[in-house]
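Asks: Below: one structure in structure tokens.
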Amino acid sequence: MNKGPGLFADIGKKARDLLTRDYNTDQKFSISTNSVSGVALTSTVVKKGVVHAAHVSTQYKFRNALFDLKIDTDSNVMTTITITEILPSTKAIASFKVPDYNSSMLEVQYFHDHATVTATAALKQNPLVDLTATLGSPTISFGAEAGYDTTSRSFTKYNFGISVTKPDKCASVILGDKADSIKASYLQHLDESKRSAAVGEVYRRFSTNENVITVGGLYAVDHLTSVKAKLNSNGKLGALVQHEVLPKSIVTIAGEIDTKTLDKYPRFGVSLALKP
224 MNKGPGLFAD
234 IGKKARDLLT
244 RDYNTDQKFS
254 ISTNSVSGVA
264 LTSTVVKKGV
274 VHAAHVSTQY
284 KFRNALFDLK
294 IDTDSNVMTT
304 ITITEILPST
314 KAIASFKVPD
324 YNSSMLEVQY
334 FHDHATVTAT
344 AALKQNPLVD
354 LTATLGSPTI
364 SFGAEAGYDT
374 TSRSFTKYNF
384 GISVTKPDKC
394 ASVILGDKAD
404 SIKASYLQHL
414 DESKRSAAVG
424 EVYRRFSTNE
434 NVITVGGLYA
444 VDHLTSVKAK
454 LNSNGKLGAL
464 VQHEVLPKSI
474 VTIAGEIDTK
484 TLDKYPRFGV
494 SLALKP
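If you want it as structure tokens, here you go:
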């Protein structure tokens, strides 16, 4: 909607995604189809150990509104409606879940060339309210978020962050958990296509003196295949391979092992996403 600093949730997102996205040790299969009228339908089956779960989701766009509907095997129905430009530079997102009506949420996002503000509230009598604000530009931004419980009249969270983004690198620092933790991350792209990258993250929790250092990387073997790996100071090693078997259809094989307890079997997961 604009060329401003982005959302508070975007601070550190690139490094976080490289270290977490697609590291799935479950078995997952999904297939997507698109109709002539513009309706997208996706069916997903997931196996977690001996437990199977499935859901069907559909998406339809009409003018400036996007409708998402998801139904799972537990008879939960989740509906999300996203309306862009409801006011100039403003986006509204409403979500409803049946039968758990207390999980319904309304979020309003306002974008400016030098600022982004969001407000989220649960749609119930005594809602939880979340507010975020980010100031700056696409190159450097400062942000803060706070959560307030109207029932107990107390803050549930307050976090602060700073992000610096260049075409080939990005760095961020987030002071979170009510100033009890700090997380610093740095990502460096290794090629012009940004398909290969290295990333490092340092996390410290002050109350427990816990320190975790994580390093990872992404390497493009060719235009169809890429590999990712990560290792943290607790000895957790993860790796995955992604291959585009058909245009837009990707198979992912991921694994995780604790290098400090090599007597335990590693965990593996396979996912296949088919798209037209």
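One point on numbering: in the numbering used here, the residue at position 190 of the sequence shown is 413, and numbering is uninterrupted. Even for Gly, the Cβ is constructed at its ideal location relative to N, Cα and C.
Ordered along the chain, which non-local residues of its own chain (more than five positions away) have a Cβ less than 6 Å from that of Y409?
Replies: A394, G423
Asks: Can you grab the Cα-Cα spacing for the pair V425 / F231, in whole Å?
Replies: Using only the alpha carbons, I get a separation of about 19 Å.
Asks: I need the DSSP call for T248, collapsed to helix, strand or coil.
Replies: coil
Asks: At what residues does the alpha helix (DSSP H) containing L242 begin and finish?
Replies: L242 -> alpha helix (DSSP H) spans 236 to 243.
Asks: Would you kindly report the start and end of the unbroken beta strand (DSSP E) that includes K498?
Replies: K498 -> no beta strand (DSSP E), and no H or E assigned at all.
Asks: Give the DSSP bridge partners of H335, in chain order.
Replies: A338
Asks: On the CB-based measure, 16 or more other CB atoms within 10 Å of its CB, does N349 come out buried or exposed?
Replies: exposed
Asks: What residue from L447, S360, L460, K498 has the CA that sits closest to I436's CA?
Replies: L460
Asks: Assuming contact is defined by CB atoms lying nearer than 8 Å, are H337 and G359 in contact in what I supplied?
Replies: yes
Asks: Run through the DSSP bridge pairs and tell me what N257 is partnered with.
Replies: DSSP lists A263 as the bridge partner or partners of N257.
Asks: In the DSSP assignment, find the beta strand (DSSP E) that holds G366 and state where it starts and stops.
Replies: 363 to 372
Asks: Which residue's Cα is closest to the Cα of A277: S266, Y283, T341, S318?
Replies: S266
Asks: Does the Cβ of N325 have 16 or more other Cβ atoms within 10 Å, making it buried, or fewer, making it exposed?
Replies: exposed
Asks: Give me the Cβ distance between F290 and I304, rounded to the nearest whole Å; I'm assuming they're in contact under 8 Å.
Replies: Indeed they touch by this definition, with Cβ atoms about 6 Å apart.
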